[in-house]
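J.:
Residue numbers (our numbering): 144 to 412.
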């Protein structure tokens with residue numbers, strides 16, 4: 144799989160699991176972690192044997208955002224071009240996650256704040272432990288709530304009103320509240336259960352039609368700013384492409400033969 148100093152990765156039956164591995168720092172992000180994660184998602188999108196991805200954190204936290212010692216203090220006093228270089232670098236990670244054609248499931252095993260909360264939102268599905276907490280805490284450090292694309296992502300998940308509340312106040316919410324407003328898909332007892340369910344979902348996706356799943360993710364992302372007429376046309380073209388893929392014929396054959404379907408990878412070949 145992928146070699147990294149900041150996270151562990153493994154591939155099992157088409158499911159790539161990325162585990163952030165700075166447990167003593169609640170998996171806080173550094174300059175190096177941002178870059179390695181962005182490269183990882185860009186790389187995973189090119190591997191035919193990767194069909195779904197799980198991201199989680201080791202220990203008590205999913206991700207506590209940017210590390211106060213390794214990032215925040217080093218940003219103070221930098222000039223505007225240097226700061227813009229950093230903010231574009233953090234956004235690269237989220238762009239890599241959203242453009243990755245593989246479905247991403249986040250197993251949120253504890254605190255997910257700041258950039259950690261954005262990473263959770265950039266995933267396609269979210270399973271949270273009962274003790275998980277979420278916070279878009281940028282205002283608490285004197286920054287805009289708009290960071291790393293979250294003002295694009297969050298209203299799509301929870302609606303404009305809830306997103307505005309979370310991004311203006313920057314206050315943390317518990318897992319029950321996150322489930323109530325639609326920030327997470329499922330709530331489970333603990334971190335181990337969150338990882339188990341996330342991997343079960345990822346395995347189900349990995350066993351399914353990878354090309355069709357990639358198309359679904361692309362359509363979800365691109366149709367947001369389309370008119371209904373344009374969306375209908377885009378989906379007509381997308382579905383016609385899926386009907387040309389071998390998985391479409393395989394699904395029909397497996398139904399007729401009363402056997403499980405054997406779907407191929409995400410390529411059109």
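Positions of the beta carbon are idealized from the N, C-alpha and C atoms, including for glycine.
With burial defined as no fewer than 16 other Cβ atoms inside 10 Å of the residue's Cβ, what is the status of residue 220: buried or exposed?
T.: Stepping through the chain shown from its first residue, residue 220 is reached at position 77. Counting Cβ neighbours within 10 Å, residue 220 comes out exposed, since fewer than 16 surround it.
J.: When burial is assigned at 16 or more other CB atoms within 10 Å of the CB, is residue 228 buried or exposed?
T.: In the chain shown, residue 228 corresponds to position 85, counting from 1. When all chains shown are included, residue 228 counts as exposed.
J.: Give every residue of the same chain whose Cβ lies closer than 8 angstroms to the Cβ of residue 377, excluding the five residues on either side of it in the sequence, and list them in chain order.
T.: In the chain shown, the residue the question calls residue 377 occupies position 234. 362, 365, 366, 369, listed in sequence order.
J.: Would you mind working out which of 235, 222, 271 sits nearest residue 198, comparing C-alpha positions?
T.: Your numbering for residue 198 matches position 55 in the chain shown. It is 271 whose Cα lies nearest to the Cα of residue 198.
J.: Can you tell me the Cβ-Cβ gap for residue 156 and residue 349, rounded? I've got them flagged as a contact below 8 angstroms.
T.: Taking the first residue of the chain shown as position 1, residue 156 is located at position 13. Taking the first residue of the chain shown as position 1, residue 349 is located at position 206. Contact flag correct, Cβ pair sits at about 6 angstroms.
J.: Measuring straight from C-alpha to C-alpha, what distance separates residue 327 and residue 260?
T.: Looking up residue 327 in the chain shown gives position 184. Looking up residue 260 in the chain shown gives position 117. So the alpha carbons of these two residues sit roughly 11 angstroms apart.
J.: Would you check if the distance between the CB atom of residue 264 and the CB atom of residue 236 is smaller than 8 angstroms?
T.: In the chain shown, residue 264 corresponds to position 121, counting from 1. In the chain shown, residue 236 corresponds to position 93, counting from 1. No, they are not a contact pair.
J.: Helix, strand or coil: which one does DSSP assign to residue 150?
T.: Counting from 1 along the chain shown, the entry for residue 150 is found at position 7. Of the three classes helix, strand and coil, the one that applies to residue 150 here is strand, per DSSP.
J.: Which residues in the same chain as residue 152 place their Cβ atom closer than 8 angstroms to its Cβ, once the five residues preceding and following it in sequence are excluded?
T.: Position 9 of the chain shown, counting from 1, holds the residue named residue 152. Cβ within range, chain order: 144, 145, 159, 160, 161, 162, 183.
J.: Residue 310 and residue 294 - do their beta-carbons sit closer together than 8 angstroms?
T.: The residue given as residue 294 occupies position 151 in the chain shown. The residue given as residue 310 occupies position 167 in the chain shown. Yes, these two residues count as a Cβ contact at 8 angstroms.
J.: Are the CB atoms of residue 396 and residue 250 within a distance shorter than 8 angstroms?
T.: Walking along the chain shown from the start, residue 250 turns up at place 107. Walking along the chain shown from the start, residue 396 turns up at place 253. No, the pair does not count as a contact, with Cβ atoms beyond the cut-off.
J.: Locate the beta strand (DSSP E) running through residue 206, then write down its first and last residues.
T.: What you label residue 206 is simply residue 63 of the chain shown in a count that begins at 1. 204–206 is the span of the beta strand (DSSP E), which, as asked, contains residue 206.
J.: Between the alpha carbons of residue 386 and residue 392, how many angstroms are there, rounded?
T.: To locate residue 386, count along the chain shown from 1; it is residue 243. To locate residue 392, count along the chain shown from 1; it is residue 249. Going by the C-alpha atoms only, they are around 8 angstroms apart.
J.: Rounded to the nearest angstrom, what separates residue 245 and residue 188 at their Cα positions?
T.: To locate residue 245, count along the chain shown from 1; it is residue 102. To locate residue 188, count along the chain shown from 1; it is residue 45. Residue 245 and residue 188: Cα-Cα distance of roughly 7 angstroms.
J.: Is it right to say residue 192 is buried, meaning 16 or more other beta carbons lie within 10 angstroms of its own, or is it exposed?
T.: Against the chain shown, residue 192 aligns to sequence position 49. Answer is exposed; the Cβ neighbour count stays below 16.
J.: Go ahead and label residue 289 buried or exposed: buried means 16 or more other beta carbons lie within 10 angstroms of its beta carbon, across all protein chains shown.
T.: Reading the chain shown from its first residue, position 146 is the one you call residue 289. When all chains shown are included, residue 289 counts as exposed.
J.: Please name the residue, chosen from 168, 213, 284, 175, that lies closest to residue 312 on a Cα-to-Cα basis.
T.: Stepping through the chain shown from its first residue, residue 312 is reached at position 169. It is 284 whose Cα lies nearest to the Cα of residue 312.
J.: For residue 170 and residue 210, what's the separation of their Cα atoms in angstroms?
T.: Locating residue 170 in the chain shown gives position 27, counting from the first residue. Locating residue 210 in the chain shown gives position 67, counting from the first residue. In a straight line, the C-alpha of residue 170 is about 9 angstroms away from that of residue 210.
J.: Less than 8 angstroms between the CB atoms is what I'm expecting for residue 315 and residue 278, so what's the real figure, rounded?
T.: Start at 1 with the first residue of the chain shown, and residue 315 comes out as number 172. Start at 1 with the first residue of the chain shown, and residue 278 comes out as number 135. Sure, about 4 angstroms apart at Cβ, within 8 angstroms.
J.: Please list the terminal residues of the continuous beta strand (DSSP E) segment that includes residue 279.
T.: Stepping through the chain shown from its first residue, residue 279 is reached at position 136. Where residue 279 is concerned, there is no enclosing beta strand (DSSP E), given that its DSSP letter is neither H nor E.
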